[in-house]
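Under our numbering, think of the first position of the sequence shown as 663, with each following residue one higher. Quick notes on the structure that follows.
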Amino acid sequence: MTKRSIILGCGSYLPERIVSNAELAETVDTSDEWIVERTGIKQRHIAAEGQYTSDLALKAAERALAHAGVDAKDIDMVIVATTTPDNTFPATATKVQHNLGMVNGAAFDVQAVCSGFIYALSIADNMIKGGQAENIVVIGAETFSRILDWEDRTTCVLFGDGAGAVVLQAANGADPASQPGGSADLGDNRGRGILSTHLHSDGSTRDLLYVDGGPSSTQTVGHVRMVGKEVFRHAVTNLAGIVHETLDANGLSPADIDWVVPHQANKRILDGTARKLKLPIERMVVTVDRHANTSAASIPLALDEAVKDGRIQRGDLVLMEAMGGGLTWGSALVRW
Ligand code: UT7
């Protein structure tokens with residue numbers, strides 16, 4: 663029987679502490695005006711001392727499971743996309759698995775920086791299509807505040823902490839795209855599901871955005887370094903490319919998309935992508951002003967917000983896209 667994956671529920675968590683641009687300007691040579699004008703960021707959430715990536719991930723996962731109406735004991739895979747794991751090993755996902763009370767299944771991390779959630783979603787979708795799992799929790803969780811150089815104004819103002827999660831469930835039947843209206847046996851899930859995912863990377867650009875430490879190289883954790891202007895240039899080109907690749911693969915045009923849920927790095931990148939797609943900016947879910955760049959967590963955080971406030975409705979066509987260090991980039995098209 664052909665399988666496909668449905669996103670059954672979502673959830674997210676943001677640490678309590680909010681740091682405004684004005685507060686940052688007290689310790690680093692920057693201003694609210696510069697940050698808002700160049701990035702659209704007004705504030706970010708920062709994890710409390712002793713609050714780890716796995717703690718944020720667990721809260722997001724619990725909320726996603728509650729929203730999906732699925733019990734943790736029925737989950738057979740936990741995938742955490744993160745660049746800021748609690749420890750070098752074991753995978754943060756194993757801690758989340760344990761804290762969810764699961765004793766079965768498999769748990770592992772995925773590392774593709776800001777594209778991590780899309781990579782993890784793609785792996786999960788293929789696990790379900792391949793019959794290796796029935797219910798998967800996919801989480802994007804980060805404590806980027808722990809790898810920032812708080813004296814480097816070119817990076818420290820850009821990022822925040824948070825987590826978001828979705829619950830994927832296997833459904834019988836082919837891709838909804840190839841079954842207009844779905845088939846009778848799909849019941850409530852008629853027509854829903856992940857239509858396609860697309861992944862890319864180009865390691866020749868790895869020096870544009872990286873961390874200057876690591877277990878094998880310096881035996882330190884290191885700090886984020888970025889050639890911002892170059893990353894910006896690649897982002898606009900790569901994101902427009904991946905959107906067109908995704909739409910072409912499904913025989914769709916930009917006008918068919920109900921919602922774009924993009925990785926949230928810079929409001930100017932979101933505006934540029936919307937312009938290129940000739941998509942009204944109102945159709946793009948924007949959280950960068952309040953969350954800043956939460957790396958792998960940004961898409962599931964934005965998705966959860968738009969689902970819970972009723973913007974994303976059953977049957978909507980939702981396109982998620984991201985680009986991050988590596989460089990990596992990717993997309994996922996979902997019939998909600
Ligand atoms: O999530 C992964 C993907 N990441 C991205 O997509 C990020 C892409 N890049 C960007 O979003 C933008 O390039 C930045 C927001 C990082 C920077 O914006 P920009 O318009 O490219 O600014 P810039 O780097 O060209 O810097 C312009 C000026 C410089 O001063 P001079 O050389 O013109 O005197 C910087 O030193 O702004 C200065 N500057 C700042 N000033 C105040 C850089 N950071 C700051 C700051 N506050 N925080």
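C-beta atoms are modelled at their ideal positions from N, C-alpha and C, and glycine is treated no differently.
Using the DSSP secondary-structure output, state which residues sit across from PRO747 in a beta bridge. Paired residue(s): none; PRO747 is not in a bridge.
Taking 8 Å as the cut-off, decide whether the C-beta atoms of LEU989 and SER863 are in contact. Yes, the Cβ-Cβ distance between LEU989 and SER863 is below 8 Å.
For the ligand UT7, is there any heavy atom lying closer than 7 Å to the beta carbon of ILE904? Distances between the C-beta of ILE904 and the heavy atoms of the ligand UT7 are all 7 Å or more.
Give me, in chain order, the residues of the same chain whose beta-carbon lies closer than 7 Å to that of SER915; leave out the 5 immediate sequence neighbours on both sides. LEU909
Same chain, Cβ closer than 6 Å to LEU848, five either side skipped, listed in chain order: Here LEU848 scores only 47 on pLDDT, less than 50, and its place in the model is too uncertain to base an answer on.
For LEU932, which option in ILE697, LEU762, THR701, GLY673 has the closest C-alpha, if you only look at C-alpha atoms? Out of ILE697, LEU762, THR701, GLY673, THR701 has the C-alpha closest to the C-alpha of LEU932.
So what does DSSP say about ALA722, is it helix, strand or coil? helix
How would you call MET764, buried or exposed, if buried means at least 16 neighbouring beta carbons within 10 angstroms? buried
In the DSSP assignment, find the unbroken alpha helix (DSSP H) run with GLN759 in it and report its ends. 754-761
Hey, is GLY890 close to the ligand UT7, as in C-beta under 7 Å from one of its heavy atoms? yes
Please confirm whether any heavy atom of the ligand UT7 lies closer than 7 Å to the CB of ARG815. Result yes, Cβ under 7 Å from the ligand UT7.
Exposure of PRO842, with buried meaning 16 or more beta-carbon neighbours within 10 Å: With a pLDDT of 46 at PRO842, under the threshold of 50, the modelled position of this residue cannot be trusted, and the question is left open.
So, at 6 Å on beta carbons, what are the nonlocal neighbours of PRO900 in its own chain, with the 5 sequence-adjacent residues on each side left out? One detail in the question is off: residue 900 reads as Asn in this sequence, not Pro. Excluding positions up to five away in sequence, the list reads MET985, TRP991.
Please indicate yes or no: does the CB of TRP696 lie closer than 7 Å to some heavy atom of the ligand UT7? Flag set: Cβ of TRP696 near the ligand UT7.
Whether LEU670 touches ALA803 by CB criterion (8 Å): no
Tell me, to the nearest whole angstrom, how far the beta carbon of VAL829 is from that of VAL740; I am working on the premise that it is less than 8 Å. That belief does not hold up - the Cβ atoms of VAL829 and VAL740 are roughly 11 Å apart, past 8 Å.
ASN788 by DSSP, collapsed to three states: which one? helix
Out of LEU762, GLU892, ALA833, point me to the one whose CA is closest to GLU796's CA. ALA833
Starting from the Cα of VAL742, find the closest Cα among ASN912, ALA936, ALA958, LEU981 and give me that residue. ALA958
Smallest Cα separation from ALA825: which of VAL758, GLY865, ASP736? Measuring C-alpha to C-alpha distances from ALA825 to each of VAL758, GLY865, ASP736 identifies VAL758 as the nearest.
Drop a sphere of 10 angstroms on the beta-carbon of GLY875, count the other beta-carbons inside from all chains shown, and report buried for 16 or more, exposed for fewer. Exposed.
Using the beta-carbon count (16 or more within 10 Å), is GLY865 buried or exposed? exposed
Out of GLN975, VAL950, GLY972, which one is the CA nearest neighbour of LEU963? VAL950
Just verifying my parser: in three-state terms, what is the DSSP assignment at HIS862? strand
Count the C-beta pairs between the region 724-732 and the region 687-694 that are closer than 8 Å, then say yes if the count reaches three, no if not. no
Indicate whether ARG871 and GLY977 have their beta-carbon atoms separated by less than 8 Å. The amino acid occupying residue 871 in the given sequence is Leu; Arg does not appear at that position. No.
Comparing alpha-carbon positions, which option in LYS970, LYS940, HIS925, LYS938 lies nearest VAL948? HIS925
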